[in-house]
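Down below is the structure, laid out as structure tokens.
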Ligand code: BG6
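Numbering (my numbering), first residue to last: 1 to 484.
Written out as structure tokens, the structure is:
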């Protein structure tokens, strides 16, 4: 069946920077049927031609050398523009009419991608319903909601409820671009496509898990949004929790949306809620030096640009194994990594001298920008008695693959068009995530909030974060991956 993707917020940055380049590259690779149409909707008045021209320029800029005039012209033939205001009911009736014309009254699957300001998500869903655009008797009707999905549990619930008045849950695709990353999916393959790791992947062998999403960038142009959001909403509730769920989940019965998401949700339901003193003891909050002077940041802002959290997942597999999660802006380098730290060998045979204490084994999963896995283990230093040193088995995911071809949006847009929701968040997943994050934000905004540490740009966050780990006799894996 032919497919139409309708993008609300067509004149926005996300559309030109991510959505159109992703659709174009998939078209160029022959992954999108020629009958695919893209219809942009926003308030600006453009003709189809004007929008195509504008997109040709921006797409060229974002896809660089992959841009080819011939394939672009073919793609652009299926690109249309409909001016419309999300708040105007009449505009949705016009849109419905125009879509029927574009589709030449033939049945067609439709995806409504809501890439507008978050305040408009509920209205967009309601208007689609009123105009009869959610009726799926003539082809599938799906809605994609960009992040942020609410700003707390109450707003996420309200948004889920508004959408549910118009669309069934299986029609709703809540996007988290981390799930579209090749290496995140590879983590599932590592765990569930191999037999050698699984027996070790539990409390019997693993001492603790570290998940780090470090960014080098400062808040920059997004300061205004960021200052209202902060690292908990911006990174933990969505991306970091997704990484934690995939690291900790049980093997799903099947690789389909229902089974995968059932297992992920169980992880969040097993997270032990923080209470009382936990808000200070089980977390570290920080702000990089100079943050308050950024344009758009409120004077004396108490918004975190760094946070570390220690969570416990109370189930048979993970009881007693802390998950240390951290993320920050203005850190040493950009790296996303998951480190499984193993227990020490039960009996230390090798004295190893006082100067080189043996370190426990680790599996380091590099998500980005390095993409690979390292297994750290002890080996003997040649010719030095029984002195040990840390060695590493290194594996890189397909070093030859062209990263421009595997951008998360390309994968996710294709999945939506094909109706596969495995890599999208379900309503219960989003709500559970907020249920964990909300009390932390509340405690960290209260008069009794734990101290906000400042940290210099280009380090690994506040010193307090290392000291906090040291209290548990553990150290952060502070390594910027070397990418060849
Ligand atoms: C976004 C956040 O969702 O993810 C940004 O809003 C963050 O603040 C970005 O920089 C990180 O994504 P990636 O793919 O660059 O790791």
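Glycine residues also receive a C-beta, built at the ideal position from the N, C-alpha and C atoms.
Which residues bound the alpha helix (DSSP H) around residue i?
i           : result
residue 9   : From DSSP, residue 9 is part of no alpha helix (DSSP H); its letter is neither H nor E.
residue 308 : It is not in any alpha helix (DSSP H) - residue 308 instead sits in the beta strand (DSSP E) that spans 306 to 312.
residue 192 : 182 to 192
residue 73  : 69 to 77
residue 160 : 153 to 164
residue 417 : 408 to 418
residue 119 : That residue, residue 119, is in no alpha helix (DSSP H); it is neither H nor E in DSSP.
residue 437 : 427 to 445
residue 62  : 48 to 63
residue 20  : 20 to 28
residue 102 : 89 to 102
With 16 other CB atoms within 10 Å as the buried threshold, where does residue i fall?
i           : result
residue 434 : buried
residue 462 : buried
residue 355 : Legend: pLDDT at residue 355 = 48, less than 50; position of this residue unreliable, value from coordinates given subsequently. So residue 355 ends up on the exposed side.
residue 169 : exposed
residue 361 : buried
residue 272 : exposed
residue 114 : buried
residue 13  : exposed
residue 225 : exposed
residue 297 : buried
residue 499 : A query on residue 499 cannot be resolved here, the shown segment of the chain reaching from 1 to 484 and no further.
residue 235 : buried
residue 415 : buried
residue 189 : exposed
residue 468 : buried
residue 350 : exposed
residue 44  : exposed
residue 485 : This structure cannot settle anything about residue 485, because the visible part of the chain is limited to 1 through 484.
residue 460 : buried
residue 413 : buried
residue 50  : exposed
residue 165 : exposed
residue 275 : exposed
residue 18  : buried
residue 6   : buried
residue 101 : exposed
At what residues does the beta strand (DSSP E) containing residue i begin and finish?
i           : result
residue 452 : 452 to 455
residue 388 : 388 to 396
residue 109 : 108 to 114
residue 207 : 206 to 214
residue 287 : 283 to 288
residue 39  : 37 to 42
residue 336 : 335 to 342
residue 471 : Residue 471 -> not in any beta strand (DSSP E); alpha helix (DSSP H) instead, spanning 463 to 471.
residue 228 : Counting along the chain, residue 228 falls outside any beta strand (DSSP E), though it belongs to the alpha helix (DSSP H) covering 223 to 231.
residue 377 : 372 to 380
residue 327 : 322 to 328
residue 246 : Taken as a continuous stretch (DSSP letters only), residue 246 belongs to no beta strand (DSSP E), being part of the alpha helix (DSSP H) at 241 to 248.
residue 368 : 362 to 368
Which residue's Cα is closest to the Cα of residue i: the options?
i           : options               : result
residue 184 : 103, 368, 201 and 110 : 368
residue 305 : 67, 222, 396 and 409  : 222
residue 73  : 34, 43, 91 and 407    : 34
residue 123 : 277, 91, 234 and 211  : 91
residue 307 : 154, 6 and 233        : 233
residue 323 : 410, 424, 458 and 339 : 339
residue 457 : 204, 330 and 214      : 330
residue 336 : 345, 22 and 239       : 239
residue 77  : 452, 39 and 66        : 39
residue 394 : 481, 326, 191 and 384 : 481
residue 54  : 11, 32, 70 and 379    : 11
residue 116 : 147, 29, 101 and 372  : 147
residue 486 : 136, 129, 318 and 278 : Residue 486 lies beyond the residue range present for the chain, which begins at 1 and ends at 484; the question has no answer from this structure.
residue 106 : 1, 443 and 227        : 1
residue 426 : 51, 438, 260 and 71   : 260
residue 228 : 262, 386, 347 and 301 : 301
residue 64  : 37, 25 and 159        : 25
residue 487 : 384, 477 and 262      : The structure shown does not extend to residue 487, since the chain is modelled only from 1 to 484, so the question has no answer here.
residue 197 : 18, 103, 374 and 424  : 374
residue 141 : 474, 418 and 475      : 418
residue 15  : 155, 41, 86 and 293   : 41
Whole-angstrom Cβ separation of residue i and residue j, contact assumed at under 8 Å?
i           : j           : result
residue 429 : residue 264 : 6 Å
residue 81  : residue 108 : 18 Å between Cβ atoms; not a contact.
residue 315 : residue 270 : 4 Å
residue 453 : residue 466 : No, residue 453 and residue 466 are not in contact; Cβ-Cβ is about 11 Å, not under 8 Å.
residue 449 : residue 181 : Contact flag wrong, Cβ pair sits at about 33 Å.
residue 438 : residue 152 : 5 Å
residue 62  : residue 21  : 5 Å
For a cutoff of 8 Å on Cβ pairs, would you count residue i as touching chain C?
i           : result
residue 480 : Checking the listed chains, one finds no chain C in this structure; it contains a single protein chain.
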